[in-house]
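Participant: Okay, here's the structure, questions in a sec.
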Amino acid sequence: MTFDKICVLGLGYIGLPTASTFATHGVEVVGVDVNPQVLATLRRGEIHIHEPGLQAVVQSALQSGRLRVAEQPETADAFIIAVPTPFYEEAWGEAHGKRFKKADMRAVQAAAEAIVPVLQPGNLVVLESTSPPQTTARLVAPILERSGLKAGEDFYLAYSPERVLPGQILRELVENARVIGGLTPESAAAGRDLYRIFVKGEIITTDATTAEMVKIMENTYRDVNIAIANEFSRLAAYFGVDVWQAIEIANLHPRVQILRPGPGVGGHCISVDPWFFVEGAPHLADLIYTARQVNDGQPHFVRELTQRALGGLEGRRIAALGLAYKPDVDDLRESPAVEVVRLLQEAGAQVLAYEPFAPQALLPGLTTVPSLDAAVEKAEAVLLLVNHTVFHTLTPQALSQKTPARLVVDTVNGWSGYDWQEAGFSYHRLGVGME
Ligand code: SAJ
Numbered sequence: 294m295t296f297d298k299i300c301v302l303g304l305g306y307i308g309l310p311t312a313s314t315f316a317t318h319g320v321e322v323v324g325v326d327v328n329p330q331v332l333a334t335l336r337r338g339e340i341h342i343h344e345p346g347l348q349a350v351v352q353s354a355l356q357s358g359r360l361r362v363a364e365q366p367e368t369a370d371a372f373i374i375a376v377p378t379p380f381y382e383e384a385w386g387e388a389h390g391k392r393f394k395k396a397d398m399r400a401v402q403a404a405a406e407a408i409v410p411v412l413q414p415g416n417l418v419v420l421e422s423t424s425p426p427q428t429t430a431r432l433v434a435p436i437l438e439r440s441g442l443k444a445g446e447d448f449y450l451a452y453s454p455e456r457v458l459p460g461q462i463l464r465e466l467v468e469n470a471r472v473i474g475g476l477t478p479e480s481a482a483a484g485r486d487l488y489r490i491f492v493k494g495e496i497i498t499t500d501a502t503t504a505e506m507v508k509i510m511e512n513t514y515r516d517v518n519i520a521i522a523n524e525f526s527r528l529a530a531y532f533g534v535d536v537w538q539a540i541e542i543a544n545l546h547p548r549v550q551i552l553r554p555g556p557g558v559g560g561h562c563i564s565v566d567p568w569f570f571v572e573g574a575p576h577l578a579d580l581i582y583t584a585r586q587v588n589d590g591q592p593h594f595v596r597e598l599t600q601r602a603l604g605g606l607e608g609r610r611i612a613a614l615g616l617a618y619k620p621d622v623d624d625l626r627e628s629p630a631v632e633v634v635r636l637l638q639e640a641g642a643q644v645l646a647y648e649p650f651a652p653q654a655l656l657p658g659l660t661t662v663p664s665l666d667a668a669v670e671k672a673e674a675v676l677l678l679v680n681h682t683v684f685h686t687l688t689p690q691a692l693s694q695k696t697p698a699r700l701v702v703d704t705v706n707g708w709s710g711y712d713w714q715e716a717g718f719s720y721h722r723l724g725v726g727m728e
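All residue numbers for the sequence shown refer to this note's numbering, where the first residue is 294 and numbers rise by one.
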């Protein structure tokens, strides 16, 4: 199958790089977004998201005339849906003794509905948004069939998850292996023809529900493995052991690869996707559910650790270093570091938080400061929450010039305890037994 013109619905972290990459590979692309500000920004030749190299690709796609933006989809050979699938913040589900977060599929529904009036026989529709198993077959297909056309017979329908790492999106889009799950084998083949335009990695075809499960399984696998690392950190502290040393030794075994404990799991993928399994089959997802609870509970352990280290929290002045969900990114979504700061403040501590990648970030209820100096100058304790390179490379000598604090709590194993103790600091690390 050949594709002269495609429509990409949703111009966010995935849709915009995908749309512009197709355009720079010679396809006519119409990028659609429901947010007028996003369209206005792109029409000015600017971009609304932070991703290395993206601005240049988008500009070249726009200047070539092959990428343009629009409010509504128009007739095309293929449609790609790349809208967000978050979960409802307030509405929780409950079944089989589990309380779970529910996927908010309204953006996927609205995107499919917008395609209905322009869908034509022989078209291909691909869903890319991370979705609960069976979404393509049970949610998207029936909506598209309101056009009077039958999915898999009159038009092709496929699911192809994005699996790129923020910060590396443009390279990984092209180089990573890509899974394409078709509602029918012909739909999968049509999807393979489409992505072959720019994908250099292997393209694996399967059915739609398998492709949906693959994506959620990848992130759930990681969540469960981080949960066991976090539980090990609690057990090690309880038994008077240094978890970091124990993990290092265990990982010498050829079939063991324990991940890193930390203040919890954040971001918009790994802390979200496992819920799609729990919501879809709560009676079968015991381990996945427990792992989510372990990881979501980790900020409470950091609060307790800080409380023990300081001998109390009420009125104590703490400098919190880092708010991002992982090192060297500016993304604060679902960040456990933010949760730790909230818990400390709720316990009466006075926390000044500094995030070098988003120094102006405004978070309700949190006091953020624009520099390291401002965070530490009056602090009694310094709490390392994210192992950003700028923090990791900070020496106790440099820090002691800026702060009266002589107590540090390291939740990410970012610093050498020996160096800090030598420099006169009382040093406390997550996952290490305290006398
Ligand atoms: N984390 C730990 N310990 C570890 C590793 C990570 O506590 O040993 C924490 C991080 O600090 C962070 C969270 O887990 O809070 C997630 O970070 P991450 O780097 O593991 O993953 P993401 O969310 O940035 O990206 C993931 C990737 N998926 C996998 O590695 C299986 C990426 O390839 C996916 O495209 C992305 O999710 C997505 O969009 O689904």
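All C-beta atoms, glycine included, are put in the ideal place defined by N, C-alpha and C.
(1) Return yes when the C-beta of residue 560 is under 7 Å from any heavy atom of the ligand SAJ, and no when it is not.
(2) Closer than 7 Å: is that where the CB of residue 699 sits relative to any heavy atom of the ligand SAJ?
(3) Bridge partners for residue 503 per DSSP, in chain order?
(4) Please give the ranges of any beta strand (DSSP E) in the stretch 467–542, keeping only runs that are unbroken, at least 3 residues long and fully inside the region.
(5) By the 10 Å Cβ neighbour count, where 16 or more other Cβ atoms means buried, how is residue 661 classified, buried or exposed?
(6) Is the closest heavy atom of the ligand SAJ to the C-beta of residue 555 under 7 Å?
(7) Enumerate in chain order the residues of its own chain whose CB-to-CB distance from residue 674 is below 6 Å, with the five nearest sequence positions on each side excluded.
(8) Alpha carbon to alpha carbon, how far is residue 647 from residue 664? Give it in angstroms, no decimals.
(9) Skipping 5 residues on each side, what residues in its chain have a beta carbon closer than 6 Å to that of residue 425?
(10) Nearest-angstrom Cα distance between residue 359 and residue 416?
(11) Could you tell me the distance, in whole angstroms, from the CA atom of residue 434 to the CA atom of residue 556?
(12) State yes or no: is the C-beta of residue 371 within less than 8 Å of the C-beta of residue 491?
(13) Would you say residue 454 reaches chain E, if we count a Cβ-Cβ gap shorter than 8 Å as a contact?
(14) Compare the Cα-Cα distances from residue 408 to each of 367, 317, 478 and 445 and report the closest residue.
(15) From residue 357 to residue 335, what distance separates their C-alpha atoms?
(16) Do you know offhand how far residue 461's Cα is from residue 607's?
(17) For residue 611, which three-state DSSP category applies?
(18) Near residue 500, what residues of its chain come up, given a Cβ to Cβ distance below 7 Å and the 5 sequence neighbours on each side ignored?
(19) Should residue 646 be listed as close to the ligand SAJ, given that the test is whether its C-beta is under 7 Å from any heavy atom?
(20) Per DSSP, which residues does residue 643 bridge with? Please list them.
Facilitator: Put simply:
(1) yes
(2) no
(3) None, per the DSSP bridge assignment.
(4) 471–475 and 496–500
(5) buried
(6) yes
(7) 603, 611, 698 and 700
(8) 6 Å
(9) 396, 569 and 573
(10) 20 Å
(11) 40 Å
(12) no
(13) Absent from the structure: chain E. Only one protein chain is present.
(14) 367
(15) 14 Å
(16) 42 Å
(17) strand
(18) 474 and 475
(19) no
(20) 610
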